[in-house]
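Visitor: Take this structure first; my questions come after.
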Amino acid sequence: MLHAGTEELVAYTHAPSPRTQDLIGRESSVLAHNYHPLPVVVKKARAQWVWDVDGTKYLDCLAAYSALNFGHQHPALVRAVKKQLRTLSLTSRAVHNDQLGPFAEELTALVGQDMVLPMNTGAEAVETAVKIARAWGYRVKEVPSNRAHIIVANNNFHGRTLGIVSFSTDPDARDDFGPYLPGFTAVPYGDADALRQAITKDTVAVLLEPIQGEAGIVIPPADYLPEVRRITAENNVLFIADEIQSGLGRTGATLQVQNVGVQPDMVIMGKALGGGLLPVSAVAGRADVMGVIHPGQHGSTFGGNPLAAAVGRAVVKLLEPGSLQASAKELGRVMRERLESMGPRGVVGIRQEGLWAGVDIDPELATGREVAEALVGRGVLTKDTHGSTLRFAPPLIVTERDVHFAMDQLEGALGDVAAFRSH
Ligand SMILES: Cc1ncc(COP(=O)(O)O)c(C=O)c1O
45 MLHAGTEELV AYTHAPSPRT QDLIGRESSV LAHNYHPLPV VVKKARAQWV
95 WDVDGTKYLD CLAAYSALNF GHQHPALVRA VKKQLRTLSL TSRAVHNDQL
145 GPFAEELTAL VGQDMVLPMN TGAEAVETAV KIARAWGYRV KEVPSNRAHI
195 IVANNNFHGR TLGIVSFSTD PDARDDFGPY LPGFTAVPYG DADALRQAIT
245 KDTVAVLLEP IQGEAGIVIP PADYLPEVRR ITAENNVLFI ADEIQSGLGR
295 TGATLQVQNV GVQPDMVIMG KALGGGLLPV SAVAGRADVM GVIHPGQHGS
345 TFGGNPLAAA VGRAVVKLLE PGSLQASAKE LGRVMRERLE SMGPRGVVGI
395 RQEGLWAGVD IDPELATGRE VAEALVGRGV LTKDTHGSTL RFAPPLIVTE
445 RDVHFAMDQL EGALGDVAAF RSH
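Mapping of the sequence shown onto my numbering: residues 45 to 467, in sequence order.
In C-alpha cells, the structure reads:
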C-alpha cells in the first residue's frame, strides 16, 4: 500500500545528498532495474558499520541478507583469503586441491552430515539438491522415468533460476518467465497435513526453508518440521532444508533445524558460508543420497575452488565454538523485548528467532519501505519485505549497545513517520 505523500515523507525523514542523487541517477540509466535499493551509496564498511559516499555512518541491520553474519571484512576471514590468494586461487575440479577436502571434512562435521557438494551461489546449491533428489528418486527409490515429484511450500524463496522460479508462488518472481519446469507441488507452509496429502508414490523430496526469510521471517508451528521429518521418513521421501538464509548462526544455532531437533537428509547452505567475501555454497547430505551423483553429472568450474574452500574453512572455524550462535540467541532476546514494547508506536506483529526479526508495521501508519527510508535518515540500514514488514538481521558480531541503538532508531523512525502523517 502506498500512502499519499510518500515522496514528501521521504524528503521529511531522509533527503539523499545531491551527490548521492547524482550517482543513483547515473546508475539507473545503465543498470537493469532488477532491484529497488535504498537511496544510499555505500563506499566502505567494517564489522557492523558501513559508510556512504558522503561519509555518513550506518549500522548494518540487513547484513547482505545474512551473507555478512560475521560482519564486513572480518579479520580472520580476510586473513584466510589473503593467505590463500598468495598460493592458489583456482584449479577447477580437473585436479584436487589441498583446501577442498579439509573444507568438506570440517563442514560435514559442523553440520552433522556425511558428504558435501560445493557450488557458488545459493540458487545453484538449491538446483544441485533438486538434481540429487531426482537422481536419488530414479536410482534408489525407483520412481518411473521423468515422474519425480518434489513438494515445496507456498511463499517459498529459493532463488531465481528458471528451475527455481518454476516452483515459486510469487508472481513477481515467476510471471513471464515460462514455460516452467514441471514436477513440483506447493502446499501451505506450516501445515503438515497438507504436506502429507500431497505425497504421491512418485514424491522424492520435500524442500523447505526452516524459517521462510523473504516471505517475512515466517516461523512455522513448533511441531511442523519434526512432523515433516516423520512424514518424509515414513514415506521414503527426502527432507531437504534450505538453510541459505536461516543457517550459520543467524537463529542462535548453527542450523535452524537444530533448534527444532530435526536432521534433514540434505541441508543447503550459502550466503554466510563465503564470509561476505566470496560466493560459496554447498549441499551437505547423507552419503547414500549424495552418492547418487557420478562424474560428469553435475559441477561448476568455480565450485569448490581453493579460495572459496579456504574462506569456508575459516567460516567453519568461527562457528565451531558456538559463541556467535549463543550471542545471536541472547541479543535476539534483547531485540524482542524492545520490539514488544513498540506496540503503541505502530508495531503490530513480530516474528523473531535469534538475530533475525520480521517486524510488521501498522499499514495505516506506513509501508515497510517508508520506515526503512526513515531509518536511513537515522543511521540504520535495513530492508522491507512484502508491504508493511521490515526485517532486522544485523551481523552476529553486534553488541547489546548496537541492538539498543537500532531499536532506539526504529522507535524514532516510527515517531518521524507518525509526526509527518499527523501534520
Ligand atoms: C532461503 C534462500 N534460498 C536461496 C536463496 C538464493 O541465494 P542466491 O541469491 O545466493 O542465489 C536465498 C537468497 O535470498 C534464500 O534466502
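Glycine is no exception: its CB is placed at the ideal position from the N, C-alpha and C atoms.
Would you mind working out which of Y79, L106, L144 and L67 sits nearest K87, comparing C-alpha positions?
Guide: If you number the sequence shown from 1, residue 87 lands on position 43. The option with the nearest alpha carbon to K87 is L67.
Visitor: What residue does the alpha helix (DSSP H) around D96 start on, and which one ends it?
Guide: For the purposes of this step, residue 96 is taken as residue 52 along the sequence shown, with counting starting at 1. Run containing D96: none in the alpha helix (DSSP H); it sits in the beta strand (DSSP E), W93 to D96.
Visitor: If you drop the 5 nearest sequence neighbours on each side, which residues of the same chain put their C-beta closer than 7 Å to that of M163?
Guide: By 1-based counting over the sequence shown, the position of residue 163 is 119. Around M163: A169, T172, S325, A326, S344 and G347.
Visitor: Going along the chain, which residues of its own chain have a beta-carbon closer than 8 Å to the beta-carbon of G459, five neighbours each way excluded?
Guide: On the sequence shown, residue 459 is found 415 positions in, with the first residue counted as 1. Cβ neighbours of G459 beyond the five flanking positions: R389.
Visitor: I want to check one thing, is the minimum distance from the CB of A401 to the heavy atoms of ligand 1 below 6 Å?
Guide: Mapped onto the sequence shown, residue 401 falls at position 357. No; taking the cut-off as 6 Å, the Cβ of A401 has no heavy atom of ligand 1 nearer than that.
Visitor: Among V392, L103, R137 and V74, whose alpha-carbon lies nearest the alpha-carbon of H342?
Guide: Locating residue 342 in the sequence shown gives position 298, counting from the first residue. Ranking V392, L103, R137 and V74 by Cα distance to H342 puts R137 first.
Visitor: T213 by DSSP, collapsed to three states: which one?
Guide: In the sequence shown, residue 213 corresponds to position 169, counting from 1. In this structure, T213 counts as coil in the three-state DSSP scheme.
Visitor: Where in the stretch 328-355 do unbroken runs of the alpha helix (DSSP H), each at least 4 residues long, occur, reported from the N-terminal end onward?
Guide: As far as the stretch 328-355 is concerned, its whole alpha helix (DSSP H) runs of at least 4 residues are 331-334.
Visitor: So, are the CB atoms of A372 and C105 less than 7 Å apart?
Guide: On the sequence shown, residue 372 is found 328 positions in, with the first residue counted as 1. On the sequence shown, residue 105 is found 61 positions in, with the first residue counted as 1. The answer is no: Cβ separation not under 7 Å.
Visitor: Is F211 near ligand 1, in the sense that its beta carbon is under 6 Å from a heavy atom of that ligand?
Guide: Position 167 of the sequence shown, counting from 1, holds the residue named residue 211. Checking the Cβ of F211 against ligand 1 gives no.
Visitor: Please name the residue, chosen from I284, L121, S212 and I441, that lies closest to L321 on a Cα-to-Cα basis.
Guide: Within the sequence shown, numbered from 1, the residue matching residue 321 stands at position 277. For the residues I284, L121, S212 and I441, the minimum Cα distance to L321 belongs to L121.
Visitor: Run through the stretch 361-408 for me and flag every whole alpha helix (DSSP H) of 4 or more residues, listed as ranges in chain order.
Guide: Qualifying alpha helix (DSSP H) stretches, in chain order: 367-384.
Visitor: Under the DSSP definition of a beta bridge, which residues are partnered with R435?
Guide: One-based indexing of the sequence shown puts residue 435 at position 391. R435 is bridged to G402 and K427.
Visitor: With a threshold of 6 Å on Cβ separation, who are the neighbours of H467 within its own chain once the five nearest residues in sequence on each side are excluded?
Guide: Walking along the sequence shown from the start, residue 467 turns up at place 423. Hits under 6 Å: none found.
Visitor: Does at least one heavy atom of ligand 1 sit under 6 Å from the Cβ of I288?
Guide: As a first step, residue 288 is located in the sequence shown; it is residue number 244 there, counting from the start. Flag set: Cβ of I288 near ligand 1.
Visitor: Classify V54 as helix, strand or coil using the three-state DSSP reduction.
Guide: Against the sequence shown, residue 54 aligns to sequence position 10. In this structure, V54 counts as helix in the three-state DSSP scheme.
Visitor: Grouping DSSP H, G and I as helix and E and B as strand, with all else coil, what is T135?
Guide: As a working note, residue 135 is residue 91 in the sequence shown. In this structure, T135 counts as coil in the three-state DSSP scheme.
Visitor: Tell me which residue opens and which closes the beta strand (DSSP E) that A230 is part of.
Guide: Locating residue 230 in the sequence shown gives position 186, where the first residue counts as 1. First-last of the beta strand (DSSP E) with A230: F228 to V231.
Visitor: With H, G and I counted as helix, E and B as strand and the rest as coil, what does DSSP make of F283?
Guide: As a position in the sequence shown, residue 283 is number 239, starting the count at 1. F283: strand per DSSP, three-state reduction.
Visitor: Alpha carbons only, please: which of G393, P323, L399 and G398 is nearest the one belonging to G412?
Guide: Numbered from its first residue, the sequence shown carries residue 412 at position 368. Nearest of G393, P323, L399 and G398 to G412, Cα basis: G393.
Visitor: Here's a check: name, in chain order, each residue in its chain whose Cβ is nearer than 8 Å to the Cβ of D98, leaving out the five neighbours to either side.
Guide: Stepping through the sequence shown from its first residue, residue 98 is reached at position 54. Closer than 8 Å at the Cβ level, and outside the excluded window around D98, lie S61, R63 and T64.
Visitor: Taking buried to mean at least 16 other C-beta atoms within 10 Å of its own C-beta, is A331 buried or exposed?
Guide: Along the sequence shown, one-based indexing puts residue 331 at 287. Exposed: under 16 other Cβ atoms inside 10 Å.
Visitor: If we count the other Cβ atoms within 10 Å of its Cβ and call it buried at 16 or more, is N141 buried or exposed?
Guide: To locate residue 141, count along the sequence shown from 1; it is residue 97. Classification for N141: buried.
Visitor: I'd like to confirm the pairing. Which residues does DSSP put opposite R325 in its beta bridges?
Guide: Along the sequence shown, one-based indexing puts residue 325 at 281. For clarity, residue 325 is Ser in the given sequence; the question names Arg instead. Answer is M163, bridged to S325.
Visitor: Can you tell me which of the three DSSP states Q241 falls into?
Guide: Your numbering for residue 241 matches position 197 in the sequence shown. Three-state DSSP puts Q241 in a helix.
Visitor: Q302 to K101, Cα distance in whole Å?
Guide: Here residue 302 is taken as the residue at index 258 of the sequence shown, counted from 1. Here residue 101 is taken as the residue at index 57 of the sequence shown, counted from 1. Their Cα atoms are separated by approximately 36 Å.
Visitor: Are the stretch 76-94 and the stretch 402-411 in contact at 8 Å, needing three or more beta carbon pairs?
Guide: They do not touch, by the three-pair rule.
Visitor: For the beta strand (DSSP E) that I312 lies in, which residues bound it at each end?
Guide: By one-based count along the sequence shown, residue 312 stands at place 268. Taken as a continuous stretch (DSSP letters only), the beta strand (DSSP E) holding I312 covers M310 to M313.
Visitor: Could you round the C-beta distance between L161 and V461 to whole angstroms and report it? I think they count as a contact, below 8 Å.
Guide: Start at 1 with the first residue of the sequence shown, and residue 161 comes out as number 117. Start at 1 with the first residue of the sequence shown, and residue 461 comes out as number 417. Their Cβ separation, rounded to whole angstroms, is 46 Å, which puts L161 and V461 out of contact at 8 Å.
Visitor: Less than 6 Å separating the Cβ of Y109 from some heavy atom of ligand 1?
Guide: The residue you call residue 109 lines up with position 65 of the sequence shown. Yes, since a heavy atom of ligand 1 falls inside the 6 Å radius drawn around the Cβ of Y109.
Visitor: Which partner residues does Y224 have in the DSSP bridge list?
Guide: Within the sequence shown, numbered from 1, the residue matching residue 224 stands at position 180. For Y224, which the question treats as bridged, DSSP gives no partner whatsoever.
Visitor: Looking at ligand 1, does it come within less than 6 Å of E253, judged from the CB to the closest heavy atom?
Guide: For this step, residue 253 is matched to residue 209 along the sequence shown. Yes, Cβ of E253 sits closer than 6 Å to a heavy atom of ligand 1.
Visitor: Given a threshold of 16 other Cβ atoms within 10 Å of its Cβ, counted over all protein chains shown, does S432 qualify as buried or as exposed?
Guide: In the sequence shown, the residue the question calls residue 432 occupies position 388. The residue in question, S432, is buried, as its Cβ has 16 or more Cβ neighbours within 10 Å.
Visitor: By the DSSP assignment, the beta strand (DSSP E) with T247 in it spans what residues?
Guide: Reading the sequence shown from its first residue, position 203 is the one you call residue 247. Its beta strand (DSSP E) spans residues T247 to L252.
Visitor: Identify whether A76 lies in helix, strand or coil by the three-state DSSP scheme.
Guide: Residue numbering aside, residue 76 sits at position 32 when the sequence shown is read from its first letter. A76 falls in the coil class under three-state DSSP.
Visitor: Figure out for me which residue from I275, I284, Y268 and P232 has the closest Cα to the Cα of H251.
Guide: Translated into the one-based positions of the sequence shown, residue 251 becomes position 207. Sequence check: residue 251 is Leu here, not His. Of the listed residues, the one whose Cα sits closest to L251 is I284.
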